[in-house]
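Numbering (the numbering used here), first residue to last: 1 to 278.
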């Protein structure tokens, strides 16, 4: 006598939903669903992880569902190999984040490397017909066609790379002077710089969404004249805000930067966005 069993469609559907949520938890480890609020999907800067990004975003938790993206090679994913090539990173990110684009309005935010990732994932969504974020906030990064100002850390030996990091600022001295910490962090930072420098230079057609560009007045890596070049990458309006500080103006001017992002999150969806959501 043989036994048999059947799985109902509802069980299969539920199982699929559970697997999607489990996969999302890998990419968005600090996400806590917040029904009725827009989602703020935030991409990390070079060397950054989701914990630091989530902590910096926390003042916006009263108005948005915070979704700090965790890339391979750091924190809970430190056993994975960090990416070094946009041609691999962008499709993987787009596949992972596509489920987040449904059920609530989404705003993309990224600083430095994160700005490039945010733009490239949005461009991928536009090419493949996935729902777009209703707004992009791109911070501290020049657009794809502008020549690199980021030093080639990925091609430097350890000592030269550490000296260059110290000169760039933004990395606490206690980390720079701690060999064990640098052994852990430097390979990730170097991989991230390789990732930034692998970006496609054409930029593609403009994104059909508004873009807010944020820049530091004294940023040597993404000076205001470079940040302003994003205007050719958005067909629904590109605006620019400058803040006091260098490349890490997010720390120096955290309050005003949070206020700028808050104003985007509080903005009602455009008629175009509402029509596409139906």
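Cβ atoms here follow ideal geometry from the backbone N, Cα and C, with glycine treated the same way. Just so you know, these numbers come straight off a predicted model, no measurement behind them.
Whose C-beta lies closer than 6 Å to the C-beta of residue i among residues of the same chain, with five residues either side of it excluded?
i, result
"residue 82", "72, 73, 188 and 191"
"residue 260", "241"
"residue 267", "none"
"residue 166", "176"
"residue 145", "201 and 203"
"residue 110", "43, 117 and 118"
"residue 214", "139 and 241"
Identify, in the order they occur along the chain, each residue of the same chain with its Cβ nearer than 7 Å to the Cβ of residue i, setting aside the five sequence neighbours on each side.
i, result
"residue 143", "203, 229, 230 and 233"
"residue 194", "84 and 154"
"residue 17", "Note on residue 17: pLDDT 47, under 50, position unreliable in the model; no value is reported."
"residue 218", "245 and 246"
"residue 33", "65"
"residue 252", "244 and 245"
"residue 69", "27, 28, 41, 42, 43, 44 and 50"
"residue 47", "185, 188, 189 and 192"
"residue 171", "165"
Let me check understanding here. Comparing Cα to Cα, which of the options lies closest to residue i?
i, options, result
"residue 96", "28, 106, 176 and 56", "28"
"residue 263", "89, 137 and 23", "137"
"residue 206", "238, 59, 146 and 243", "238"
"residue 200", "90, 181 and 186", "90"
"residue 36", "50, 236 and 63", "63"
"residue 118", "245, 252, 196 and 216", "196"
"residue 212", "87, 116 and 139", "139"
"residue 226", "182, 158, 149 and 161", "149"
"residue 102", "77, 129 and 157", "129"
"residue 87", "110, 160 and 198", "198"
"residue 235", "55, 69 and 126", "126"
"residue 184", "78, 160, 26 and 172", "78"
"residue 160", "173, 186 and 172", "186"
"residue 98", "124, 115 and 114", "124"
Since residue i is in the alpha helix (DSSP H), which residue starts that stretch and which ends it?
i, result
"residue 249", "249-252"
"residue 93", "86-97"
Are the Cβ atoms of residue i and residue j separated by less than 8 Å?
i, j, result
"residue 112", "residue 45", "yes"
"residue 24", "residue 42", "no"
"residue 224", "residue 247", "no"
"residue 147", "residue 164", "no"
"residue 216", "residue 245", "yes"
"residue 208", "residue 93", "no"
"residue 49", "residue 80", "no"
"residue 279", "residue 141", "Since the displayed the chain opens at 1 and closes at 278, residue 279 lies outside it and no answer follows."
Which residue marks the beginning of the beta strand (DSSP E) containing residue i, and which one marks its end?
i, result
"residue 227", "No beta strand (DSSP E) holds residue 227; the alpha helix (DSSP H) holding it covers 224-227."
"residue 100", "Looking at the DSSP string, residue 100 is not in any beta strand (DSSP E), and its letter there is neither H nor E."
"residue 68", "65-68"
"residue 232", "Looking at the DSSP string, residue 232 is not in any beta strand (DSSP E), and its letter there is neither H nor E."
"residue 241", "238-243"
"residue 110", "106-111"
Report all residues from its chain with a CB closer than 8 Å to the CB of residue i; omit the five preceding and five following residues, and keep chain order.
i, result
"residue 60", "40, 66, 258, 261, 262 and 265"
"residue 100", "24, 28, 39, 41, 67 and 106"
"residue 182", "158, 162, 175 and 176"
"residue 122", "108, 132, 133, 136, 207 and 209"
"residue 115", "43, 138, 139, 140 and 141"
Is residue i close to chain C? Criterion is C-beta to C-beta, closer than 8 Å.
i, result
"residue 152", "Chain labels in this structure do not include chain C; a single protein chain is all it has."
Worksheet item: Which runs of the beta strand (DSSP E) spanning at least 3 residues fall entirely within the stretch 23-53, listed in chain order?
Response: Complete beta strand (DSSP E) runs here, min 3: 39-43.
Fill in: Any alpha helix (DSSP H) of 4 or more consecutive residues that is wholly inside the stretch 128-212
Counting whole runs of 4 or more residues, the stretch 128-212 contains the alpha helix (DSSP H) stretches 158-168, 173-176 and 179-197.
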